[in-house]
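Just so you know, the sequences run in chain order A and B. With the first sequence counted from 1, adding 142 to any position gets you the working numbering. With the second sequence counted from 1, adding 142 to any position gets you the working numbering. Where a beta carbon is used, it is the ideal one built from N, C-alpha and C, also for glycine.
2 protein chains.
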Amino acid sequence: MHIQIREGQALPDNAQRRGTIFAVGGREARYENSAVLSQFVSLCGGPKARLTVLSTASREPQRSVARYRVAFSALGVNDLSFFHQDQREDASHPALLAAVENADGVFFTGGSQLKLVSTIGGTPLDSILRERHRRGLHLGGSSAGASALSAVMIARGTGRSTARLSSVRLSPGLGFLSRVIVDQHFRERDRFGRLLAAILCNPSMRGFGLDEDTAFALNASDQVSVVGNGTLTIVDGTHLEATNIDEVPEDSPAAFAGMRMHVLSAGWTYGLLSGRIEKPLLPATTTRLPVDVLVTSGKRGR
Amino acid sequence: MHIQIREGQALPDNAQRRGTIFAVGGREARYENSAVLSQFVSLCGGPKARLTVLSTASREPQRSVARYRVAFSALGVNDLSFFHQDQREDASHPALLAAVENADGVFFTGGSQLKLVSTIGGTPLDSILRERHRRGLHLGGSSAGASALSAVMIARGTGRSTARLSSVRLSPGLGFLSRVIVDQHFRERDRFGRLLAAILCNPSMRGFGLDEDTAFALNASDQVSVVGNGTLTIVDGTHLEATNIDEVPEDSPAAFAGMRMHVLSAGWTYGLLSGRIEKPLLPATTTRLPVDVLVTSGKRGR
Numbered sequence: 143m144h145i146q147i148r149e150g151q152a153l154p155d156n157a158q159r160r161g162t163i164f165a166v167g168g169r170e171a172r173y174e175n176s177a178v179l180s181q182f183v184s185l186c187g188g189p190k191a192r193l194t195v196l197s198t199a200s201r202e203p204q205r206s207v208a209r210y211r212v213a214f215s216a217l218g219v220n221d222l223s224f225f226h227q228d229q230r231e232d233a234s235h236p237a238l239l240a241a242v243e244n245a246d247g248v249f250f251t252g253g254s255q256l257k258l259v260s261t262i263g264g265t266p267l268d269s270i271l272r273e274r275h276r277r278g279l280h281l282g283g284s285s286a287g288a289s290a291l292s293a294v295m296i297a298r299g300t301g302r303s304t305a306r307l308s309s310v311r312l313s314p315g316l317g318f319l320s321r322v323i324v325d326q327h328f329r330e331r332d333r334f335g336r337l338l339a340a341i342l343c344n345p346s347m348r349g350f351g352l353d354e355d356t357a358f359a360l361n362a363s364d365q366v367s368v369v370g371n372g373t374l375t376i377v378d379g380t381h382l383e384a385t386n387i388d389e390v391p392e393d394s395p396a397a398f399a400g401m402r403m404h405v406l407s408a409g410w411t412y413g414l415l416s417g418r419i420e421k422p423l424l425p426a427t428t429t430r431l432p433v434d435v436l437v438t439s440g441k442r443g444r
Numbered sequence: 143m144h145i146q147i148r149e150g151q152a153l154p155d156n157a158q159r160r161g162t163i164f165a166v167g168g169r170e171a172r173y174e175n176s177a178v179l180s181q182f183v184s185l186c187g188g189p190k191a192r193l194t195v196l197s198t199a200s201r202e203p204q205r206s207v208a209r210y211r212v213a214f215s216a217l218g219v220n221d222l223s224f225f226h227q228d229q230r231e232d233a234s235h236p237a238l239l240a241a242v243e244n245a246d247g248v249f250f251t252g253g254s255q256l257k258l259v260s261t262i263g264g265t266p267l268d269s270i271l272r273e274r275h276r277r278g279l280h281l282g283g284s285s286a287g288a289s290a291l292s293a294v295m296i297a298r299g300t301g302r303s304t305a306r307l308s309s310v311r312l313s314p315g316l317g318f319l320s321r322v323i324v325d326q327h328f329r330e331r332d333r334f335g336r337l338l339a340a341i342l343c344n345p346s347m348r349g350f351g352l353d354e355d356t357a358f359a360l361n362a363s364d365q366v367s368v369v370g371n372g373t374l375t376i377v378d379g380t381h382l383e384a385t386n387i388d389e390v391p392e393d394s395p396a397a398f399a400g401m402r403m404h405v406l407s408a409g410w411t412y413g414l415l416s417g418r419i420e421k422p423l424l425p426a427t428t429t430r431l432p433v434d435v436l437v438t439s440g441k442r443g444r
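So, in structure tokens, the structure goes:
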């Protein structure tokens, strides 16, 4: 399995100013008290935030758009725009590019991550997202929209707890997360095995498996924090001692030694570079996090 | 959760002479070419081995006994005896004690580990097994018979990949494995979560999850080796950094940081004390291991 990483997908040099990545495991509650979406709104600046929702991944955009319109409106956001792309040329529309240029946050809905990436990858929309994110635009995505944020993306796969090469199909993602592979609906669709298999293919990666109604925020200081009702499972291959995934038949369980595993719930934080995990001092009675945990403080570019 | 470890369950001082522990994940093939049972026969000395099968765990001992009679006979073993205990007084029968006294290996069938332990725990049979194992008697067990070998035993529980305190019920086992909790039918019944939960309760333990038709042998040098067609999943809590299993409701997923995980297949070895894992030099074209890997060489007591 060989996946080419496109140029420009590495973390930017001036990491202090880039926006936060906010990945959701799917099926987040979409009402006023939604912990997950309310955190996304908070990090984008609260009710005054200018948000753009891209339903590109979806094959039923009307339904998806209606839900997010209700959810973000209930959270007090008025400056909301929605765009959908079915063809690659849709990703050059001037109104779309202007909306992204002026947004505080862009949110990718669920659907098919392959549709999302094959439609917008390499388009003017892709370029402006990359450029604006580098200067502070926050990027959120749920389900397929979360998976697509990775540089190496899980395109498809089968559930089960066993790591088999045949259980996962990888492809190049949008590249906003260069060393992390995101999976979603994680516990609900029993996707531990396919995430393990993806990490065994390149143990320098970390796998982030998000349960439904659960999100992680990765800020510009590479600090990950968890919000929502489920857990974030982290599969860390960086200390792997051995595997036979390249030797056994694709359908056979792969053996391995030295995988590290963490399961974090709301309020726990993880240093992507340090590997350091912090458990909240108090048991989580709320899943709300202060905004300064989600967004690196200091001057943010616009 | 508090479990009292009985006296005498620690590893004996003179560990070089104790017998091998041979735990099977259940549903091992029971015909002449059975890799798993054939390894048990080999480690007990081959066709000349004197074997005693205890069907105590089973509620249908006739069926279970018939299968093992066919299997061990097909492997050339003639000196076979079978005993069953439904009442605690059955565990003092002189013929039973004499058979164990003279056996090279004793094998516990599947069934209910709670029936097995509650029937023979603290009986003369229990004492003589312990005493003879210390001097070289090999002990095998499949399914419930494997679980019961632990000092802290998984008595019952529910499948799923999520660690929840409510998913596992622990009780004191026979105590031949003091720092290891064994689980079986592991992949087939999706028991990752209950083994994780057991280890979170006391991270000094290691969880060994055996797939069906798969076994591990633990020799007197504390070297573990894997045989059979599936894998042994090792969940190692000894480097755990944090968990909230004591804080969250019993039915909620427990969070944790720093779990280590290994999945080993036939031919892989694991040092129980060193944590060192060795991958076989050649991809396993056979699941047979040399006897000197299974049994520590040197003078063995009788």
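Item                                                                                                                                                                                         : Value
Considering only the alpha carbon of each residue, which of B:Ser184, B:Ala199 and B:Gly301 lies closest to Leu193 (chain B)?                                                                : B:Ser184
Residues in the segment 379-394 of chain B with C-beta within 9 Å of chain A's C-beta atoms, listed in sequence order?                                                                       : His381, Glu383, Ala384, Thr385, Asn386, Glu389, Val390 and Ser394
Could you round the C-beta distance between Ser289 (chain B) and Asp325 (chain B) to whole angstroms and report it? I think they count as a contact, below 8 Å.                              : 7 Å
Indicate whether Gly351 (chain B) and Ala408 (chain B) have their beta-carbon atoms separated by less than 9 Å.                                                                              : no
Could you give the uninterrupted runs of the alpha helix (DSSP H) lying entirely in the segment 335-409 of chain A, keeping only those of 4 residues or more?                                : none
Can you find at least 3 beta carbon pairs, one from the segment 284-301 of chain A and one from the segment 266-275 of chain A, that sit closer than 8 Å?                                    : no
Quick check on Thr428 (chain A) - is its C-beta less than 9 Å from some C-beta in chain B?                                                                                                   : Confidence in Thr428 (chain A) is poor, its pLDDT being 48 and thus under 50, which makes the residue's placement unreliable; the coordinate value appears in the next sentence. Not closer than 9 Å to any Cβ of chain B, the Cβ of Thr428 (chain A) fails to qualify, so no.
Counting only Cβ pairs nearer than 9 Å, list the residues of chain A close to Ser407 (chain B).                                                                                              : Asn386, Val390, Ser394, Pro395, Ala396 and Ala397
Which residues in the same chain have their Cβ closer than 6 Å to the Cβ of Asp378 (chain B), if we skip the five residues on either side of it in sequence?                                 : Arg348 and Arg402
With C-beta atoms as the reference, is Val166 (chain A) less than 9 Å away from Thr300 (chain A)?                                                                                            : no
Run down chain A in chain order and give the residues with a C-beta less than 8 Å from the C-beta of Ser303 (chain B).                                                                       : Ser303, Arg329, Asp332 and Phe334
Can the beta-carbon of Gln255 (chain B) be found less than 9 Å from the beta-carbon of Gly315 (chain B)?                                                                                     : yes
Based on the DSSP secondary-structure assignment, which residues constitute the bridge partners of Gly413 (chain A)?                                                                         : A:Gln365
Under 9 Å between C-beta atoms, does Lys190 (chain B) make it to chain A?                                                                                                                    : no
Under the rule that 16 or more other beta-carbon atoms within 10 Å means buried, what is Leu307 (chain A), buried or exposed?                                                                : buried
Taking C-alpha atoms, which residue in B:Ala199, B:Leu179 and B:Ser176 lies nearest to Thr261 (chain B)?                                                                                     : B:Ala199
For Lys421 (chain B), decide whether its Cβ has a neighbour in chain A, counting only Cβ atoms nearer than 9 Å.                                                                              : yes
Along the alpha helix (DSSP H) that carries Val259 (chain A), what are the first and last residues, could you check?                                                                         : Gln255 to Ile262
Whole angstroms are fine: how far does the CA of Ala362 (chain B) sit from the CA of Cys186 (chain B)?                                                                                       : 14 Å
Considering only C-alpha positions, which residue in the set B:Arg205, B:Asp246, B:Arg201 and B:Arg276 is nearest to Gln229 (chain B)?                                                       : B:Arg201
Name the one or two DSSP bridge partners that Thr194 (chain A) has.                                                                                                                          : A:Ser223 and A:Val248
Could you spell out where the beta strand (DSSP E) holding Pro314 (chain B) opens and where it closes?                                                                                       : Val310 to Pro314
Which parts of the segment 168-217 of chain A are runs of the alpha helix (DSSP H), unbroken and 4 residues or longer, counting only runs that do not cross its ends?                        : 177-185 and 203-216
Please report the Cβ distance between Arg164 (chain A) and His280 (chain A), rounded to the nearest whole angstrom; I am assuming they are in contact, meaning their Cβ atoms lie under 8 Å. : Reading off the sequence shown, one finds Phe at residue 164 (chain A), where the question assumed Arg. Confirmed, about 6 Å.
Take Arg331 (chain B) as the anchor and find which of B:Phe358, B:Ser206, B:Arg302 and B:Gly188 has the nearest alpha-carbon.                                                                : B:Arg302
Counting only beta-carbon atoms, is Arg169 (chain B) nearer than 9 Å to chain A?                                                                                                             : no
Quick check on this structure: which residue in B:Arg274, B:Glu392 and B:Thr373 has the alpha carbon closest to the alpha carbon of Arg159 (chain B)?                                        : B:Arg274
So that I know if they touch, is there some Cβ in chain A lying closer than 9 Å to that of Gly372 (chain B)?                                                                                 : yes
Who are the Cβ neighbours of Ala191 (chain A) in its own chain at under 8 Å, not counting the five residues just before and after it?                                                        : Val183, Val219, Asp221, Asp246 and Gly247
How close, in whole Å, do the beta carbons of Leu258 (chain A) and Ala213 (chain A) come, if the pair is a contact with beta carbons under 8 Å?                                              : In fact, because the Cβ distance is near 20 Å, the residues do not count as touching under 8 Å.
Short of 8 Å in beta carbon distance, which residues of its chain neighbour Val242 (chain A), apart from the five on each side in sequence? Order them along the chain.                      : Thr194, Val248, Leu267, Ile270, Leu271, Arg274 and Leu279
Under 9 Å Cβ-Cβ, which residues of chain B neighbour Arg321 (chain A)?                                                                                                                       : Within chain B, no residue comes near Arg321 (chain A); the closest Cβ sits about 19 Å away, beyond 9 Å.
Between His275 (chain A) and chain B, is any beta-carbon pair separated by less than 9 Å?                                                                                                    : no
Does Met403 (chain B) come within less than 9 Å of chain A when only Cβ atoms are used?                                                                                                      : yes
Find the residues of chain B that neighbour Gly400 (chain A), judging by a C-beta separation of less than 8 Å, and give them in chain order.                                                 : Arg402, His404 and Ile419
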